[in-house]
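Colleague: Quick one: structure below, then a few questions.
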Amino acid sequence: EQVINNILEDKLVPYLDKLDRTMQRQLKPDPTPLVTSRYNVFQNDEEDLYTAFLCLPLRFRAAECRREKDTTRSLLNDKRLVAEQKERYSQYSVIVEEIPVQQGEAQLYREDYEDEYDDTYDGNQVGANDADSDDELISRR
1 EQVINNILED KLVPYLDKLD RTMQRQLKPD PTPLVTSRYN VFQNDEEDLY TAFLCLPLRF
61 RAAECRREKD TTRSLLNDKR LVAEQKERYS QYSVIVEEIP VQQGEAQLYR EDYEDEYDDT
121 YDGNQVGAND ADSDDELISR R
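When the count follows full-length UniProt numbering, it moves up by one through the sequence shown with no breaks and lands on 141 for the last residue.
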């Protein structure tokens, strides 16, 4: 309010009073849209698919989309990759039921399964043997 009042009453500070009041106002430039000012770590790199896609003319973009669809369909129908991978994954499914042991070799493998080490805790009372078990706490009350 005070500035407008000073302008109307011609009471401006001398350095402002010297300014030309008919001078055109400077317009601020429009901010650049985000799509054109986009930056990332792959800027103008071979992995920067966004700028590579924008550089293509529209007719090539449509052809590229059709080519991509055909490529996807052909990849799904191509069973050569399945045959190549089948051999690799078949190695993971090998289960050896019995390992042949030659006479005179160390008897690392026995014919019968020895499960004595599994019975370690069968007869023993495993757990905390502290004096404040729940039965003892109830009986103290």
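Note that CB positions come from ideal geometry on N, CA and C, so glycine has one too.
Looking at Leu12: is its Cβ nearer than 7 Å to the Cβ of Asn6?
Modeller: yes
Colleague: Kindly indicate which three-state DSSP category Lys86 falls into: helix, strand or coil?
Modeller: helix
Colleague: DSSP on Asp30, reduced to helix/strand/coil?
Modeller: coil
Colleague: Distance, Cα to Cα, Asp78 vs Tyr89?
Modeller: 18 Å
Colleague: If you draw a straight line from the C-alpha of Val3 to the C-alpha of Asp17, how long is it?
Modeller: Straight-line measurement puts the Cα of Asp17 at about 12 Å from the Cα of Val3.
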